[in-house]
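Novice: The structure under discussion is supplied below as C-alpha cells; questions concerning it will follow.
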Amino acid sequence: MDDFLFNNPIFQGMSPEKLNFIMQFANKDKPKNMNQAMPFLIANMNMAKKQNIQFSSNEVHLIAELLCKDLPPEEQAKVQKIMAMLGPK
Numbered sequence: 305m306d307d308f309l310f311n312n313p314i315f316q317g318m319s320p321e322k323l324n325f326i327m328q329f330a331n332k333d334k335p336k337n338m339n340q341a342m343p344f345l346i347a348n349m350n351m352a353k354k355q356n357i358q359f360s361s362n363e364v365h366l367i368a369e370l371l372c373k374d375l376p377p378e379e380q381a382k383v384q385k386i387m388a389m390l391g392p393k
C-alpha cells in the first residue's frame, strides 16, 4: 500500500469501519477520466452512506486524492477544482 495512506495523519483515531472503507476504495480500479470518475465517486459515497459511514471534509479530500492518483494531469486539475468548491480540507 502507498506511503501516502500509511503516513497520513487523518487515519489517527479513525473508526475501523471508515478505515476499512477507505482502504477498500484505495484498492479498487479507478476510472481514467473525469466523465467516469465523478459517477464512480458518487456511487462509492452512496455505498458508504448505506453503511452509515460519514466522512469529514478532510476525509473527503483524501478520498478525492485517491481517486485522482491515476488520472491524467488535466483530469486531476478538474477534480481539484471541484474539491476546492467544496471547501477547505
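With positions in the sequence shown counted from 1, the corresponding number in the numbering used here is that position plus 304.
For glycine and all other residues, C-beta sits at the position ideal for the given N, C-alpha and C.
(1) Determine the contact status of G391 and S361, defining contact as a CB-CB distance below 8 Å.
(2) Should the segment 380-389 be regarded as contacting the segment 362-372, the criterion being three or more beta carbon pairs within less than 8 Å?
(3) Assess contact between the segment 373-381 and the segment 344-360, defined as three or more Cβ pairs (one per stretch) separated by less than 8 Å. Is contact present?
(4) CB E379 to CB N337, shorter than 8 Å?
(5) Give the single residue among V383, F344, S319 whose Cα lies nearest to the Cα of P335.
(6) Could you name the residues of the same chain whose beta carbon sits closer than 7 Å to that of F287, not counting the 5 residues immediately before and after it, in chain order?
(7) When the Cα atoms are used, what is the spatial distance from P313 to I326?
(8) Helix, strand or coil for P376, going by three-state DSSP, please let me know.
Specialist: In terms of the structure at hand:
(1) Yes.
(2) Touching, yes.
(3) Too few Cβ pairs lie closer than 8 Å, so no.
(4) For E379 and N337, yes; Cβs fall inside 8 Å.
(5) Nearest of V383, F344, S319 to P335, Cα basis: F344.
(6) What is shown of the chain runs 305 to 393, which leaves residue 287 out entirely.
(7) Computed Cα separation, rounded: 14 Å.
(8) It is coil, neither helix nor strand.
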